[in-house]
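Visitor:
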Amino acid sequence: MSTLIQVFAKAPLAGRVKTRIAKTLGETAALNLHKLLCDHIIQVAQTSQADEVEIWTTEPNAYFDVFAAPVWIQQGRELGTRMSFSLRHGLSRFDRVLIIGGDAYSLTPDYLNQALSALQETDVVLGPAEDGGYVLVGATQTWPVLFQKVPWGTADVMGATLDIMLANGIGFHLLPEQWDIDTLDDLRKHAPDLLQQLEDTIN
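Residues in the sequence shown are numbered consecutively from -9, following my numbering.
Set out below in structure tokens:
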């Protein structure tokens, strides 16, 4: 069965990435952080057992050229629509597709391989995030309902998604909880090495 990982990552533009962190560290540091996170997660995906890795971004940007991976543009006004589109696009070409966040610094190749393996036995796989969202979603067929009426950007994303799957009889597998980098507190708690790198560029 063919496998694909789609990395969701905003185009690296100052003032439009990691805006919560930019309020404290500044737009340049936030932009640098975004690139560090993307560098890491794309490399992790490419080190997994997936047959192919794609980058799905918000607009064309030369930054992504160095990764030797196909680059696609996200379609839709809100996150659920964009994820549904890319998943459908991927499943038209591959048997199993994972979508991962470009800021999910906790992901490892082994974790991604576990997710791909889980899709041999179930319809959907999810990697819960400690903030109430998820760092990974994968499927073997399209489930538009999976991304509808979800309160994106809140601590209720995972709970709402579970309710949707249970209500619609969608089989699923939950992986161990992970974390991503959205705030300065996330950096301090989970990735002090990255914070140090950013502070070095500021100082």
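Cβ coordinates follow ideal geometry from the N, Cα and C atoms, glycine included.
On a predicted model such as this, the values are computed, not experimentally measured, just so you know.
Name the DSSP beta bridge partners of Pro118, please?
Guide: Bridge partners of Pro118: Tyr124.
Visitor: Return the bridge partner residues of Gln168 from the DSSP annotation.
Guide: For Gln168, which the question treats as bridged, DSSP gives the partners Ala119.
Visitor: With 16 other CB atoms within 10 Å as the buried threshold, where does Pro50 fall?
Guide: Counting Cβ neighbours within 10 Å, Pro50 comes out exposed, since fewer than 16 surround it.
Visitor: With DSSP run on the structure shown, which of helix, strand or coil describes Gly91?
Guide: Correct three-state label for Gly91: strand.
Visitor: Return the residue from the list Ile160, Thr9, Gln65 and Arg83 that minimises the CA-CA distance to Ile171.
Guide: When each option's Cα is compared against that of Ile171, the closest is Thr9.
Visitor: Using a threshold of 8 Å, state whether the C-beta atoms of Leu102 and Ser38 are closer than that.
Guide: A contact, by the Cβ cut-off of 8 Å.
Visitor: Using the three-state DSSP reduction, which class does Leu23 fall into: helix, strand or coil?
Guide: Helix at Leu23.
Visitor: Would the segment 175 to 186 and the segment 93 to 113 be scored as touching if the rule is three or more Cβ pairs under 8 Å?
Guide: Judged by Cβ distances under 8 Å, the segment 175 to 186 makes contact with the segment 93 to 113, as three or more pairs qualify.
Visitor: Here's the rule I'm using: 16 or more other beta-carbon atoms within 10 Å means buried, otherwise exposed. How should Gln131 be labelled?
Guide: Result: exposed.
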